[in-house]
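Please read the structure below before turning to the comments.
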Amino acid sequence: TTFIGASVGGLGDMYGRVQTSLGAADRVLEILDEPEEPTNLTNQIGTALKVSGNIEYDQVAFSYPTRPDIAVLKDISFQIQSGEKVALVGPSGAGKSTIVALLMKFYNLKGGQICIDGQDINHINLTELRRNIGIVPQEVLLFGGTIRENIAYGKPDATEEEILQAAKKANAYQFIQSFPEKLETVVGERGIKLSGGQRQRVAIARAILKNPAILILDEATSSLDSESEKLVQQAMDELMKGRTSIIIAHRLSTIRKADKILVIENGQIAEQGTHEELSLNEAGLYANLLRLQFELS
Ligand code: ATP
């Protein structure tokens with residue numbers, strides 16, 4: 315857990331630090347897939363588990379092991395039905411990244427329970443759990459192999475046709491075809507440098523190919539140019555179709571489209587509802603946040 319322990323401030327940052335600290339970027343995904351197993355596992359059931367993606371947090375409380383006296387999450391309870399899109403919003407440091415990190419069992423809870431399809435995640439084998447969750451971080455860093463390898467990670471036995479289909483759905487096909495080596499193009503330090511939007515679309519293609527029931531999206535705060543932005547957005551929408559999605563959201567358009575918004579403040583859910591419901595309360599936190607974040611009057 316050293317890389318997680320060292321990271322403060324956001325999932326994207328978490329991945330960023332892992333990659334920077336390791337140097338050899340091709341080890342990163344491997345390591346992300348094999349973090350230290352939490353110690354309180356009661357059993358290890360669930361081989362070849364295929365979840366439908368109902369998620370329930372029940373009175374979840376949490377402190378980071380390095381700072382046990384600070385309650386980072388207090389009494390977090392919410393439910394997400396299979397296929398729903400939920401946006402987490404709230405000020406920096408409120409606990410949004412921590413909430414999703416716990417779903418992936420990066421840490422043990424201090425109190426409460428998280429269930430997927432009614433099953434406590436402590437009773438789900440870590441590899442199986444992660445196999446059912448796809449992640450698109452804010453800042454995508456690819457490992458230094460070919461585009462094919464980067465897309466096929468997570469489904470190493472994928473056929474050519476499956477890889478190309480995933481690339482098409484992710485709006486990545488065209489730019490891949492424009493390179494002389496196409497799927498065999500080497501990316502990263504020793505190869506072609508892809509733009510931020512292109513890297514994101516490769517990560518989306520990877521997630522489409524992995525085909526998980528649950529998605530975690532950490533939306534980029536920095537804006538891409540508008541054409542790239544549109545292609546990434548379309549690809550994200552395609553990826554989210556029919557999947558339970560938790561989005562750490564920074565864009566108003568994403569937030570408005572969500573089935574449910576959780577407003578996180580100070581480690582608690584301050585408000586929850588749809589954009590319409592939450593907007594009704596003009597003096598509420600959500601309305602205030604929108605004014606601050608998007609300068610709405
Ligand atoms: P942002 O929008 O800035 O990413 P956030 O809402 O995602 O913020 P978290 O990253 O979940 O907030 O952080 C919640 C609190 O936990 C913060 O006070 C943060 O400093 C602290 N924190 C985050 N990661 C760690 C860590 N690895 N060890 C100790 N404290 C941490």
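524 is the number that UniProt numbering gives to position 210 of the sequence shown; each next residue is one higher, with no gaps. In this text, a Cβ means the ideal position worked out from N, Cα and C, and glycines have one as well.
When we look at the beta-carbon of G404 and count the other beta-carbons within 10 Å, is it buried (16 or more) or exposed?
Flag for G404 reads buried.
Determine contact between the segment 542–550 and the segment 506–521, defined as no fewer than three beta-carbon pairs at a distance below 8 Å.
Contact between the segment 542–550 and the segment 506–521 is present, because at least three Cβ pairs lie under 8 Å.
By Cβ distance below 8 Å, which residues in the same chain neighbour P526 in space, the five residues on each side in sequence not counted?
Around P526: R445, N446, I447, G448, R557.
Using DSSP with H/G/I as helix, E/B as strand and the rest coil, what is K388?
K388: strand per DSSP, three-state reduction.
Is there contact here, the segment 455–464 with the segment 493–501, by at least three beta-carbon pairs under 8 Å?
Enough Cβ pairs lie closer than 8 Å, so yes.
Since V400 sits in a beta bridge, which residues does DSSP pair it with?
Note: V400 is bridge-paired with I560, K574 in the DSSP secondary-structure output.
Under a Cβ-count criterion, where at least 16 other Cβ atoms within 10 Å of its own Cβ denotes burial, should G432 be classed as buried or exposed?
Counting Cβ neighbours within 10 Å, G432 comes out exposed, since fewer than 16 surround it.
Rounded separation between S593 and D539 - CA only
Cα-Cα distance, rounded: 29 Å.
If you draw a straight line from the C-alpha of A320 to the C-alpha of R381, how long is it?
Since pLDDT at A320 reaches only 29, below the 50 mark, its modelled position is unreliable, and no value is offered.
Report the option in N368, V400, T412 whose CA atom is closest to the CA atom of P379.
Comparing alpha carbon positions, the residue from N368, V400, T412 closest to P379 is T412.
Classify D471 as helix, strand or coil using the three-state DSSP reduction.
In the structure shown, D471 adopts coil according to DSSP, grouped into three states.
Would you tell me roughly how many angstroms separate the C-alpha atoms of I438 and L606, rounded to the nearest one?
Cα to Cα, the separation comes out at about 40 Å.
Whole-angstrom distance between Q514 and F457, CA atom to CA atom
For F457 and Q514, the distance between alpha carbons rounds to 13 Å.
Neighbourhood of S567 by C-beta, 6 Å cutoff - its chain only, sequence neighbours within 5 removed
Excluding sequence neighbours, S567 sits near nothing in its chain.
Can you tell me the Cα-Cα spacing of K483 and M554, whole angstroms?
CA-to-CA, the gap between K483 and M554 works out to about 11 Å.
CB of F392 within 8 Å of CB of Y371, strictly
In this structure, Y371 lies closer than 8 Å to F392 by Cβ.
Nearest to S366 by CA position, among G581, C429, I583, is which residue?
Measuring from the Cα of S366, the nearest candidate turns out to be C429.
Note the first and the last residue of the continuous beta strand (DSSP E) segment covering E585.
First-last of the beta strand (DSSP E) with E585: 582–587.
N-terminal and C-terminal residue of the beta strand (DSSP E) that residue 622 is part of:
There is no way to answer for residue 622, as the model of the chain reaches only from 315 to 611.
Within the same chain, show all residues whose beta-carbon is closer than 8 Å to that of R565, passing over the 5 residues directly before and after it, in chain order.
Residues of the same chain with a CB within less than 8 Å of the CB of R565, apart from the 5 flanking positions on each side, are E533 in chain order.
Using the three-state DSSP reduction, which class does L443 fall into: helix, strand or coil?
Of the three classes helix, strand and coil, the one that applies to L443 here is helix, per DSSP.
With C-beta atoms as the reference, is Q586 less than 8 Å away from K574?
Result yes, Cβ atoms of Q586 and K574 sit closer than 8 Å.
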